[in-house]
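Just so you know, the sequences run in chain order A and B. Under my numbering, the first sequence has 101 at position 101, and the numbering climbs by one with no breaks. Under my numbering, the second sequence has 1104 at position 104, and the numbering climbs by one with no breaks. Every residue, glycine too, gets a C-beta built ideally from N, C-alpha and C. Step one of this worksheet: look at the structure below.
Number of protein chains: 2
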Amino acid sequence: MTSDREKQADAFFHALADSTRRDILRRVLAGEHSVSALAQHYPMSFAAVQKHVAVLERAGLVSKRRSGREQLASGEVEAVRSVTALLVEFEQVWRGRVDRIDALLEDDRTHPTTQKET
Amino acid sequence: MTSDREKQADAFFHALADSTRRDILRRVLAGEHSVSALAQHYPMSFAAVQKHVAVLERAGLVSKRRSGREQLASGEVEAVRSVTALLVEFEQVWRGRVDRIDALLEDDRTHPTTQKET
DNA sequence: CTAACGTACAACCAATCAGTTGTACGTTGT
DNA sequence: ACAACGTACAACTGATTGGTTGTACGTTAG
């Protein structure tokens, strides 16, 4: 049944596995941009960029809000942080702390101490 | 010419974008395993697992050493850490430190101070 | 009103991917 | 010597990917 968490990780890493998408993510993390504004920076069609944004959005790394006829995309830094957290788990496995991993996850779910501070 | 760094990132994230490969990485981070030993854990052919290990190896996340007729794979925690570092850069972009990122990149090109230390 | 803009989405194509099977080759144990 | 083991690799298949073009639709400016 490939856990929900694993499917999330698939989406996260797949979305990040393309340099155009990573570049888009950087731009929208720095500030809101319309899809067509983003498209101007790349040597490909608007539709192609639109698809890249959609991939990032499905992964939860980017969110969009409508403003008139424009669709403004912005980066979700919390999502980026949760990918980082996934990698930190790998490092912890290396340390041999496999048992403590589960405890940490439970902890994170119950009281979010490592949360955003605007 | 899609910088070297970007191609590395592609390889890293692509390698991580598969739950079987992530599971293999966890196992080999915890300790050395032969390819066939790894293969026993998954509902797929030996050749398929071998390919997954090859993807991880090409990305630099796993290294192999030969021991008799066995090929022992182990996880490269430094590589995992450098992926984490990539993500931290994204978070820094979000913080508005766009200018410093470029400086860091230039820095990295000229005198590699943030390099691996075994 | 209407023309231009920003977006959405479908259809299509070439390339890559994840999986398979089959073959080949060095290593190990008896 | 030789059978079983662990590996490597090629060839093939179906699914997915990253890109294209074309069409359609709401929104904004003259």
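At a Cβ-Cβ threshold of 8 Å, residue 1051/B and residue 1057/B do not count as neighbours. Fewer than three beta-carbon pairs drawn from the segment 1039-1051 of chain B and the segment 1080-1093 of chain B are found closer than 8 Å, and the two stretches are therefore not classed as touching. Taking C-beta separations shorter than 7 Å and ignoring five residues to either side along the sequence, the partners of residue 1036/B in its chain run 1046, following chain order. DSSP lists 75/A as the bridge partner or partners of residue 62/A.
DSSP, reduced to helix, strand and coil, places residue 1045/B outside both helices and strands of the structure shown, so it counts as coil. Beta-bridge annotation (DSSP): residue 70/A is paired with 67/A. Assigned with DSSP and collapsed to three states, residue 34/A falls in strand.
From the beta-carbon of residue 1014/B, the residues of chain A found nearer than 7 Å are 17.
Counting along the chain, the unbroken alpha helix (DSSP H) around residue 10/A starts and ends at 4-16. The segment 2-14 of chain A makes no contact with the segment 26-45 of chain A; the number of CB pairs closer than 8 Å stays below 3. Note that the C-beta distance between residue 55/A and residue 75/A is not below 8 Å. In this structure residue 67/A is exposed. Its beta-carbon is surrounded by fewer than 16 other beta-carbon atoms within 10 angstroms. Residue 55/A is outside the set of residues whose beta carbon lies under 8 Å from a beta carbon in chain B.
If the five residues before and after residue 27/A are omitted, its C-beta is found closer than 7 Å to the C-beta atoms of 33, 38, all from its own chain and listed in chain order. Residue state for residue 95/A is assigned as coil, using DSSP reduced to three classes. Rounded to whole angstroms, the separation of the alpha carbons of residue 69/A and residue 1044/B is 49 Å.
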